[in-house]
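Sequences listed follow chains Z and X, in order.
To convert, note that position 95 of the first sequence is 76 in the working numbering; the numbers rise steadily by one, no gaps.
One rule links them: number in the working numbering = place in the second sequence (from 1) + 24.
One structure is given below, encoded as structure tokens.
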Amino acid sequence: MPSKTRMGRRADNPAIISTWRAAHSAALGVLSEKQYGHNILMAFTGGDVKINIAMKTRRTKDINEAERSAMVRLCTEAHQVDFGPLFSFCRPMAYMYWLMMMGT
Amino acid sequence: MPPDGLHVLAYDDGHLVSHAVVTTRWLQPDNLPLLKTAYVDAVATDPAYQRQGIGSFVMTHLASVIQDYELACLETERVSFYAQLGWEEWRGPLAGRKGTELMPTPDQKGIMILRLTHTPPLDLNGSLTVEYDGRIW
Chain Z
-18 MPSKTRMGRR ADNPAIISTW RAAHSAALGV LSEKQYGHNI LMAFTGGDVK INIAMKTRRT
42 KDINEAERSA MVRLCTEAHQ VDFGPLFSFC RPMAYMYWLM MMGT
Chain X
25 MPPDGLHVLA YDDGHLVSHA VVTTRWLQPD NLPLLKTAYV DAVATDPAYQ RQGIGSFVMT
85 HLASVIQDYE LACLETERVS FYAQLGWEEW RGPLAGRKGT ELMPTPDQKG IMILRLTHTP
145 PLDLNGSLTV EYDGRIW
């Protein structure tokens, strides 16, 4: 049985991975034509999975309070869990430095 | 946080699921001038979205928007993850520099660099020094 994340998405379905890679390449093609601040919508499906990922690039000076809070929450949650084999994080010291610099 | 920090943000239906930020720092490899370096921090993915390639996509996206830098650098304990994305671990001596003071960091591990379009030839076995900006690595 494929494993599922707690969001119910299959994490080890080869169809998802191959579709993701194709979408990834396509999105980078879009990116090369656009500049910072534009959204890039990634859609990829495999089996019963469909995820739409919108990519943004923002300068720190343009980050609003809601975005800042979301970033801090994300980093906090991500660093409190076991690290998965397919993703990595900056070391805690660097992470704490970043939070401090964000005024948290 | 320097105001020119560049954040890469990935959203699923308005929910922030992955993030990384780049700030400008200055690194000096052996026998080279100071290089304008994109220093990557605060890489994180929502636990519910991990193992789906989103973090890899954020890092690849990030690499595509920092090509005006001369080098990219980060510190990690997960070298293999970044290695598969083209990052290389620095093997030579590491140090920080504050003014004229050189501060060797012999115990530092997991410093990785990414060669960009404007990166000069590098010797990963040579020394690498980072300008102190409130921290070393």
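We put the CB at the ideal spot given by N, CA and C, even for glycine.
Keep in mind that this is a model prediction, so the values were computed, not measured.
Applying a beta-carbon distance threshold of less than 7 Å, which residues of chain X neighbour residue i?
i	result
Z/LEU58	The sequence shown places Glu at residue 58 of chain Z, not Leu. Those are ASP70 and PRO71, listed as they occur along chain X.
Z/ASN45	By Cβ distance, chain X contributes nothing, its closest Cβ being about 12 Å from Z/ASN45, past 7 Å.
When we look at the beta-carbon of residue i and count the other beta-carbons within 10 Å, is it buried (16 or more) or exposed?
i	result
X/GLN74	buried
X/ALA119	buried
X/HIS142	exposed
X/GLN91	exposed
X/ALA38	A small fix is needed here, since residue 38 of chain X is Gly in this sequence, not Ala. Its Cβ having fewer than 16 others within 10 Å, X/GLY38 is exposed.
X/ALA34	buried
X/ASP65	buried
X/LEU40	buried
Z/ARG54	exposed
If the criterion is Cβ atoms closer than 8 Å, does the pair residue i and residue j meet it?
i	j	result
X/LEU109	X/MET83	yes
X/TYR93	X/ALA44	no
X/VAL46	X/LEU95	no
X/GLY116	X/SER151	yes
X/LEU148	X/GLU112	yes
X/PHE32	Z/MET36	Here residue 32 of chain X turns out to be Val, not Phe, going by the sequence shown. Their beta carbons are under 8 Å apart, which means X/VAL32 touches Z/MET36 by this criterion.
X/CYS97	X/LEU30	no
X/GLY123	X/VAL103	no
Z/MET58	X/PRO53	The residue asked about is misnamed: residue 58 of chain Z is Glu in this sequence, not Met. No, the Cβ-Cβ distance between Z/GLU58 and X/PRO53 is not below 8 Å.
X/LEU56	X/PRO130	no
X/ASP36	Z/ASN33	yes
X/ASP28	Z/THR41	yes
Z/CYS135	X/ALA68	This structure gives no information on residue 135 of chain Z, because the portion of chain Z shown stretches from -18 to 85.
Would you mind reading off the limits of the beta strand (DSSP E) that contains residue i?
i	result
Z/THR41	Element bounds for Z/THR41: n/a, residue is neither H nor E.
X/SER42	39 to 53
X/VAL89	Taken as a continuous stretch (DSSP letters only), X/VAL89 belongs to no beta strand (DSSP E), as it is neither H nor E.
X/LEU152	152 to 155
Anything in chain Z within Cβ reach of residue i, meaning under 9 Å, just list it in chain order.
i	result
X/ILE160	Per Cβ cutoff of 9 Å: no residues; X/ILE160 is ~10 Å from chain Z at best.
X/ILE135	In chain order: nothing, as chain Z lies at least about 10 Å away.
Residues bridged to residue i by DSSP?
i	result
X/CYS97	X/TYR63 and X/ILE137
X/HIS31	Z/ARG39 and X/VAL45
X/LEU126	X/ARG121
X/GLU113	X/MET136
X/ASP131	Note: X/ASP131 sits in no beta bridge, so no partner.
X/ILE78	DSSP, once it has assigned bridges, lists no residue as partnering X/ILE78.
Starting from residue i, trace the alpha helix (DSSP H) in both directions and tell me its first and last residue.
i	result
X/ALA72	No alpha helix (DSSP H) contains X/ALA72, which DSSP labels as neither H nor E.
Identify the contact partners of residue i in chain Z, using a Cβ-Cβ distance below 8 Å as the criterion.
i	result
X/LEU33	MET36, LYS37, THR38, ARG39, GLU48 and MET52
X/ASP37	ASN33
X/HIS43	MET52, LEU55 and CYS56
X/ASP28	ARG40, THR41 and LYS42
At 7 Å on the CB atoms, spell out the chain Z contacts of residue i, in chain order.
i	result
X/ASP92	Residues of chain Z passing the Cβ test: none, with the nearest at roughly 11 Å.
X/ASP157	The premise fails here: X/ASP157 is roughly 10 Å from chain Z at the closest Cβ pair, so nothing lies under 7 Å.
X/LEU40	ALA51, MET52 and LEU55
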